[in-house]
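Peer 1: In our numbering, the protein residues as written are 14 to 310.
The beta-carbon is built from N, C-alpha and C at its ideal position, and this holds for glycine as well.
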């Protein structure tokens, strides 16, 4: 199968590229390299440098191509930054998705897998959110992702949207606000104290990147469509995350508490029962196992 992966030089996108190449697919990666890195892209895999929000640039990068499937992983991802730079986030997430949907149709794709957010789209979740829960995004990032989902759903290309919980694993950048595992690991290794926003009580559903890749690959194999949550259904606080990492790495060199960040929600967790019931996907990696694999990478 011939697959286009947008954001293919990024943390999640490049891991998807690796898995597709390993199973024998022909893959082309597109990335503007604003947060991705050439070194992440598998040797021999074409990397087309283009901004998904620039239709002319994107068309030039993909001229004379054809694809069986498109995985749309390109996005801006910082919740706080989305409030500071609303135009940038809308351009990349909403207009970028509109361009990808249009081009996927024109290039003959038979499947579009759209990566969305399960963390920012539901808002506060006292109980882990199922797909039929109304979306209540509080940030521009979440609002833009919700609009992008609607664009994908209206596409003529058969599509599936995967709402991802907080993804972690090897290659995650330590300078992106959602990458708390990567940030903490970097500080552990450098002997710096950990910086905790608020009391450390904020909870997230942490899903290992290879499990996310499994969901993407599984999406190609069936007739699933619509929206599916991809997460563990377990909400872990920052304090509990630090405790788990301490079991692996020993105690950190101190903790520094600072004010909670604006637009951040306190508890985010997704219910992935639908994916399990429909035979699409189930999580395989426990948090402890995933942290060990990440720490040793």
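(1) For residue 245, does the count of other Cβ atoms within 10 angstroms reach 16, so buried, or fall short, so exposed?
(2) For residue 154, name the three-state secondary structure that DSSP assigns.
(3) For chain D, check one thing: does any of its Cβ atoms lie closer than 8 Å to the Cβ of residue 100?
(4) Can you tell me which of 68, 102, 112, 266 puts its alpha carbon nearest to the alpha carbon of residue 7?
(5) Taking only runs that begin and end inside the stretch 48-111, name each unbroken alpha helix (DSSP H) of 4 or more residues, in chain order.
(6) Return the Cβ separation of residue 185 and residue 195 in integer angstroms, given the expectation that the two are a contact with Cβ distance under 8 Å.
(7) CB-CB under 6 Å to residue 162, same chain, minus the five flanking residues each way: which ones, in chain order?
(8) At the level of alpha carbons, what is the spacing between residue 262 and residue 201?
(9) Give the C-beta separation of residue 127 and residue 165 to the nearest angstrom, bearing in mind that I take them to be a contact with Cβ-Cβ under 8 Å.
(10) Look at the alpha carbon of residue 210 and the alpha carbon of residue 57, and state the distance between them as a whole number of angstroms.
(11) Assuming residue 148 contacts residue 80 under a Cβ cut-off of 8 Å, what Cβ separation, rounded to an integer in Å, is found between them?
(12) Can you pull the DSSP bridge partners for residue 239?
(13) How about residue 218 and residue 167: are their beta carbons less than 8 Å apart?
Peer 2: Based on what the coordinates show:
(1) The residue in question, residue 245, is buried, as its Cβ has 16 or more Cβ neighbours within 10 Å.
(2) Here residue 154 sits in helix by DSSP.
(3) Here there is only one protein chain, and chain D is not present.
(4) Past the edges of the chain, shown from 14 to 310, lies residue 7, and the structure says nothing about it.
(5) Within the stretch 48-111, the runs of alpha helix (DSSP H) at least 4 residues long that lie entirely inside it are, in chain order, 68-74, 92-97, 99-102.
(6) Contact flag correct, Cβ pair sits at about 4 Å.
(7) The answer, listed in chain order, is 129, 174.
(8) Going by the C-alpha atoms only, they are around 8 Å apart.
(9) Right, the Cβ-Cβ distance comes to about 4 Å (below 8 Å), so this counts as a contact.
(10) Their backbone Cα atoms lie some 41 Å apart in a straight line.
(11) The Cβ separation is near 29 Å, so there is no contact.
(12) In DSSP, residue 239 forms a bridge with 173.
(13) Not in contact: residue 218 and residue 167 (Cβ atoms no closer than 8 Å).
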